[in-house]
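Peer 1: Sequence lines, in order, name chains A and B.
The working numbering puts the first residue of the first sequence at 358, with every later residue one more than the last.
The working numbering puts the first residue of the second sequence at 358, with every later residue one more than the last.
C-beta atoms are modelled at their ideal positions from N, C-alpha and C, and glycine is treated no differently.
Just so we're clear, the structure is a prediction, and the values are computed from it rather than from any experiment.
Here it is, the structure, as structure tokens.
2 protein chains.
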Amino acid sequence: MTSFYSEKHKFFLAVDCIIFGFHESELNLLLLHRNFEPEKGTLSLPGGFLKDSESLNDAAIRVLNELTGLENLYMEQVHAFGDVNRDSGERVVSVAYYALININDYDTSLLDKYNAIWVKATEVPKLVFDHSTMVKSARQALRKRTAVEPVGFNLLPEKFTLPQFQTLYEAIYGEVLDKRNFRKKVLNMNVLEKLNEKDKLSSKRGAFLYRFNEGKYKEFLSKGYDFTI
Amino acid sequence: MTSFYSEKHKFFLAVDCIIFGFHESELNLLLLHRNFEPEKGTLSLPGGFLKDSESLNDAAIRVLNELTGLENLYMEQVHAFGDVNRDSGERVVSVAYYALININDYDTSLLDKYNAIWVKATEVPKLVFDHSTMVKSARQALRKRTAVEPVGFNLLPEKFTLPQFQTLYEAIYGEVLDKRNFRKKVLNMNVLEKLNEKDKLSSKRGAFLYRFNEGKYKEFLSKGYDFTI
DNA sequence: GCAAAAGTGTTGCCATTACACCCATGA
DNA sequence: TCATGGGTGTAATGGCAACACTTTTGC
């Protein structure tokens, strides 16, 4: 007896990753020059085909690891893209994920190896296929998530200053925020630990370093608060 | 020359639909008894395999149309589910969609034809594979969407009363709302058209009927307001 | 006349916004 | 000493939540 499934078509399945980093007060993302046809040479999101042995999430984790050398990245599925002709080569359905990386952890030797570049999220060039749409969806998903969970920390080094933190949020939301109101809100949440060190890289006076405190955050959540900035 | 793609695996791709209806003050959803192996007879979401000629959205539209006879349903993609063993028969990646239907439009003869049943969203029985997870995700997606866009109207007949409307929102959010505050907020948005008819089915006094006015809604949006209830 | 659902305003509070000046330091 | 970015508090406002009684009408 033939199985029910055997009558059905099968499809290529890919994952494409929007890898966000935060650098010089700007949200950046990592792009590749496609090294195979069709559209060889065109800028593209890093991606890969799903393997038989792995889940969609696993595939995204693999792609991210190949390109960054990092594990345990924060990531979130964005959307499945399934238009018939979205890939000009073959019928491919692709699931987009975004990931947040601390750009200081990134091994820049990988840029050459993979022919990769960082571009500012505000200046994304034309990308292959529907990858520009994927980027838009990912930025939206990141904004929504940020409004409700403190995921922004994943884009910063372990220790960071409040001005840095504010600039990050401004980059994610695409609008400037009031300094006093921002600091008030963030500090009132009581999830940051103030350190006795200053970062003097961006000012003579120096800005105090803070660290995200997971324990305090759990406490904060258990009180039913929400993380709205 | 063999194409780059030909080395890659292919996968079965399915869409599964969470079809919401609103009936007797409760959010309901439409389930099927699976009529093929594996898990024949188990309750399941309506779904179908992607065809070569259609996009993911098209597939969802087709599945919805087969089961309801309706077109132009409001629907939204929820998430792609891709765990290796999520389907006990074969490796299948499935993309979940939810849809909203006006339950009065539903042709109940289809219930028998497809061996389908409506169940209360608060009392969903155990479902096949990861379909229970899909339902949870869909309810969450519906809540989020409802908080930001007036999609609830799709679950109501063209003419509806404010008490009905409030009950719907209570069903979606899973909490009771204050009558006065609710009416104040909804009416202030000025997207409803009050009719000169009353619905006397649920009270002796009768409740005025209203209609959603698309034009007023566009105006409302153009002023930059948002639909938060 | 009574039960059952529809309809209606006001007040207090909290959260958000707007806003301007002093501080510390390296050059 | 001055230029640069870091750091701080208050007042006004508007939106949200809490709250209870009257109206209509079929039975």
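Among residues of its own chain, excluding the 5 on either side of Lys-580 (chain B), which ones have a beta-carbon nearer than 8 angstroms to its beta-carbon?
Peer 2: There are no such residues.
Peer 1: Where does Arg-496 (chain B) fall in DSSP's three states?
Peer 2: Here Arg-496 (chain B) sits in helix by DSSP.
Peer 1: Is Arg-448 (chain B) close to chain A, meaning its C-beta is less than 8 angstroms from at least one C-beta of that chain?
Peer 2: For Arg-448 (chain B), the answer is yes, since a Cβ of chain A falls inside 8 angstroms of its Cβ.
Peer 1: Please list the terminal residues of the continuous beta strand (DSSP E) segment that includes Ile-418 (chain B).
Peer 2: That residue, Ile-418 (chain B), is in no beta strand (DSSP E); its alpha helix (DSSP H) goes 413 to 425.
Peer 1: Compare the C-beta of Asp-409 (chain B) with all C-beta atoms of chain A and state if any pair is closer than 8 angstroms.
Peer 2: Cβ-Cβ to chain A under 8 angstroms: yes for Asp-409 (chain B).
Peer 1: For Glu-554 (chain B) and Asn-547 (chain B), what's the separation of their Cα atoms in angstroms?
Peer 2: Answer to the nearest angstrom: the Cα atoms are 19 angstroms apart.
Peer 1: Can the beta-carbon of Lys-516 (chain A) be found closer than 8 angstroms to that of Arg-568 (chain A)?
Peer 2: The answer is yes: Cβ separation under 8 angstroms.
Peer 1: In chain A, what lies closer than 8 angstroms to Phe-584 (chain B) by C-beta?
Peer 2: The contacting residues do not exist; Phe-584 (chain B) stays about 16 angstroms from chain A at best.
Peer 1: On the DSSP bridge list, what partners appear for Ser-401 (chain A)?
Peer 2: Answer is A:Leu-389, bridged to Ser-401 (chain A).
Peer 1: Given that Phe-486 (chain B) touches chain A, what residues does it touch there, using C-beta distances under 9 angstroms?
Peer 2: Chain A residues near Phe-486 (chain B): none, gap ~14 angstroms exceeds 9 angstroms.
Peer 1: Is Ile-376 (chain A) near Val-492 (chain A), with beta carbons less than 8 angstroms apart?
Peer 2: No, the pair does not count as a contact, with Cβ atoms beyond the cut-off.
Peer 1: According to DSSP, Val-452 (chain B) sits in a beta bridge with which residue or residues?
Peer 2: Bridge partners of Val-452 (chain B): B:Val-372 and B:Ala-437.
Peer 1: Chain B beta carbons: is any one of them nearer than 8 angstroms to that of Gly-572 (chain A)?
Peer 2: No, Gly-572 (chain A) lies away from the interface with chain B (no Cβ there is under 8 angstroms from its Cβ).
Peer 1: Can you find a C-beta in chain A that's less than 8 angstroms from the C-beta of Lys-365 (chain B)?
Peer 2: Yes, contact with chain A.
Peer 1: If you draw a straight line from the alpha carbon of Lys-551 (chain A) to that of Lys-542 (chain A), how long is it in whole angstroms?
Peer 2: The straight-line gap from Cα to Cα measures roughly 15 angstroms.
Peer 1: List the residues of chain B that Ala-456 (chain A) touches, going by C-beta distances under 8 angstroms, in chain order.
Peer 2: The premise fails here: Ala-456 (chain A) is roughly 16 angstroms from chain B at the closest Cβ pair, so nothing lies under 8 angstroms.
Peer 1: What whole-angstrom Cβ distance do Gln-521 (chain A) and Leu-534 (chain A) have, given they're in contact under 8 angstroms?
Peer 2: With a Cβ gap of about 13 angstroms, Gln-521 (chain A) and Leu-534 (chain A) do not count as contacting.
Peer 1: For Asn-472 (chain A), tell me which candidate among A:Phe-393, A:Leu-549 and A:Pro-507 has the shortest Cα-Cα distance.
Peer 2: The option with the nearest alpha carbon to Asn-472 (chain A) is A:Phe-393.
Peer 1: What's the C-alpha gap between Phe-539 (chain A) and Ile-529 (chain B)?
Peer 2: Whole-angstrom Cα-Cα distance: 33 angstroms.
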